[in-house]
Amino acid sequence: MSFFVSFLGFERLLGKWAQEKPVYVLRYIQDSLHYQRLAPGSEDGIVYDSTRAGEPLKAFFFKIKERVAQYPSSSSEVETTWPSFIIVGAKACDLRSLEILDGTLAKGETKDPFYLESRSKAAIVSTDCSSPEESCFCTMLGLTPYPEEGFALNLSKISEGLVVEIGSEEGEKLISQDKDVFCEASPAQLEERDRNRAATLFKVREQNKKFTLSKSYQQIAKEKFASPAYHRYAGKCMECAACLSVCPTCHCFLLYDQKVNENFEKVRIWDFCYYRGYARVGGGANARPTVSDRFKNKYINKFDFSMANFGVYACTGCGRCIEACLAGIDMRQVFKDLEASQIV
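The numbering used here numbers the first residue of the sequence shown as 94 and each following residue consecutively.
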């Protein structure tokens, strides 16, 4: 069953949640959407539709910088207790990114305790995408611009308010004590939601028609491993790793130790395979010494290795990498050129 709630009713609910735990919502900050912690009583300016945030959702769970050990210590483990929190505004591509990260960090042979803890404490209230960026191509990865799973609650903005879907027991708990502000969504409200969804789906598909491929991403990645197209694009790449820093599925990291007063701690920070020193080992050997090697590695990893080992592409089609690239490299065009290239 789908429910309906007015904008005012949901804002009051957000205010109540914010008094109990951290709540992060989407707001425009200097013309860009970003997550911002909600202060009780300041529910104005919250964005319920539009597009995905500039920052990837993984930053809540796989933090940019995090202490993972301290010594000397009576315990070999760092406390991983996190408060419960709520994220409002995640899009379908964001939810897919967590599914991908779960496969590596939560379901693999070695699990990340910090990721597991923060994931277990988060309730995600997703929203439909209504204004996809020109760089968005989620439909080419088999997604829709509206969430279908992986959420506690999903919000679909219509003219009168919000259509609400419950996606989990956590979602049921979120609204269980405030059901008086909800009512069953009417057929007209559901029709408006479906029209909005269809319009957004059409827009994303239309803007990506020129990037249509005749083969799958995995086939192209495997068959065109030695394509000269990689070298051409690598010549443009500035090795800044902006594309990887905003990627919602990249999870490479670097560990370092630092002194804190009379003790020491081990810190984990994000690292990127585009950096020259990333694959360098003792003695100076480097498995990927050239820019071309590193550029190619990203495509092989995301579109061949990930599919072969986890059954899913390590890409959501969010388009953040396209927007961030200083050299104007568009992943969709890279695949078009790879498919058309001739290997000598």
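Glycine residues also receive a C-beta, built at the ideal position from the N, C-alpha and C atoms.
* **Boundaries (first-last residue) of the beta strand (DSSP E) holding Glu258** => Translated into the one-based positions of the sequence shown, residue 258 becomes position 165. Element bounds for Glu258: Gly254 to Ile259.
* Asked: Hey, is the region 116-124 in contact with the region 320-327, meaning 3+ C-beta pairs nearer than 8 Å?
  -> With the cut-off at 8 Å, the region 116-124 and the region 320-327 do not touch.
* **Close beta carbons around Asp423, own chain, < 7 Å, minus the five adjacent residues each side** => In the sequence shown, counting from the first residue as 1, residue 423 sits at position 330. The beta carbon of Asp423 sits closer than 7 Å to those of Ile415, all from its chain and outside the five residues before and after it, given in chain order.
* Asked: Would DSSP call Ala216 helix, strand or coil?
  -> On the sequence shown, position 123 is the one that residue 216 refers to. If DSSP states are grouped into helix, strand and coil, Ala216 belongs with the strands.
* With DSSP run on the structure shown, which of helix, strand or coil describes Cys231? -> Counted from its first residue, the sequence shown places residue 231 at position 138. Cys231 carries a helical assignment under DSSP once its states are collapsed to helix, strand and coil.
* **Ala417 and Val297 closer than 9 Å at C-beta** => Walking along the sequence shown from the start, residue 417 turns up at place 324. Walking along the sequence shown from the start, residue 297 turns up at place 204. Not in contact: Ala417 and Val297 (Cβ atoms no closer than 9 Å).
* **Neighbourhood of Trp110 by C-beta, 7 Å cutoff - its chain only, sequence neighbours within 5 removed** => In the sequence shown, the residue the question calls residue 110 occupies position 17. Here Trp110 has Val116 and Ile179 as same chain residues with Cβ atoms under 7 Å from its own Cβ, once five neighbours each way along the sequence are excluded.
* **Sequence-distant residues of its chain with Cβ nearer than 6 Å to Phe154 (five each side left out)** => As a position in the sequence shown, residue 154 is number 61, starting the count at 1. Annotation for Phe154: Tyr208, Ser211 and Arg212 place their beta carbon closer than 6 Å to its own, counting only its chain and skipping 5 residues before and after.
* Asked: Start and end of the alpha helix (DSSP H) containing Arg413?
  -> By 1-based counting over the sequence shown, the position of residue 413 is 320. Start and end: Arg413 to Ala417.
* Ala152 to Ile139 span [Cα, whole Å] -> Your numbering for residue 152 matches position 59 in the sequence shown. Your numbering for residue 139 matches position 46 in the sequence shown. Answer to the nearest angstrom: the Cα atoms are 20 Å apart.
* To do: Find the nearest neighbour of Asp430 within the set Lys308, Asp397 and Asp386, judged by alpha-carbon distance.
  => Counted from its first residue, the sequence shown places residue 430 at position 337. Restricting attention to Lys308, Asp397 and Asp386, the CA atom closest to the CA of Asp430 is found in Lys308.
* Asked: Quick one: Cα of Pro206 to Cα of Asp195, how far?
  -> The residue given as residue 206 occupies position 113 in the sequence shown. The residue given as residue 195 occupies position 102 in the sequence shown. Looking at the two C-alpha atoms, the distance is approximately 12 Å.
* To do: Inspect the beta-carbon positions of Thr342 and Ser190 and report whether they are closer than 9 Å.
  => Locating residue 342 in the sequence shown gives position 249, counting from the first residue. Locating residue 190 in the sequence shown gives position 97, counting from the first residue. Going by beta carbons, Thr342 and Ser190 fall inside the 9 Å limit.
* Cys231 and Phe96: beta carbons closer than 9 Å? -> As a first step, residue 231 is located in the sequence shown; it is residue number 138 there, counting from the start. As a first step, residue 96 is located in the sequence shown; it is residue number 3 there, counting from the start. No, Cβ-Cβ distance for Cys231 and Phe96 is not below 9 Å.
* Asked: When the Cα atoms are used, what is the spatial distance from Cys366 to Ile259?
  -> In the sequence shown, residue 366 corresponds to position 273, counting from 1. In the sequence shown, residue 259 corresponds to position 166, counting from 1. The alpha-carbon of Cys366 is positioned some 39 Å away from that of Ile259.
* Ordered along the chain, which non-local residues of its own chain (more than five positions away) have a Cβ less than 6 Å from that of Phe217? -> The residue you call residue 217 lines up with position 124 of the sequence shown. The sequence given here has Ile at residue 217, not Phe. Ile180, Ala183, Phe244 and Ala245, listed in sequence order.
* DSSP bridge partner residues for Gln453 (one or two, in chain order) -> Nothing can be reported for residue 453, as the shown portion of the chain is limited to 94 through 437.
* **Rounded straight-line distance, which links the Cα of Lys359 to that of Asn301** => As a first step, residue 301 must be located in the sequence shown, where it is residue number 208. As a first step, residue 359 must be located in the sequence shown, where it is residue number 266. Linking Asn301 to Lys359 through their CA atoms gives a straight-line distance of about 44 Å.
* Measuring from the CB of Arg212, is there a heavy atom of the ligand PLP at a distance below 8 Å? -> You won't find the ligand PLP in this model; it holds no ligand whatsoever.
* With C-beta atoms as the reference, is Gly421 less than 9 Å away from Glu226? -> What you label residue 421 is simply residue 328 of the sequence shown in a count that begins at 1. What you label residue 226 is simply residue 133 of the sequence shown in a count that begins at 1. In this structure, the beta-carbon distance from Gly421 to Glu226 does not fall below 9 Å.
* **Spatially closest choice to Ser166 from Phe357, Lys250, Ser249 and Leu107, by CA coordinates** => Looking up residue 166 in the sequence shown gives position 73. Nearest C-alpha to Ser166: Phe357.
* With 16 other Cβ atoms within 10 Å as the buried cut-off, status of Ser279 -> Against the sequence shown, residue 279 aligns to sequence position 186. Label assigned to Ser279: exposed.
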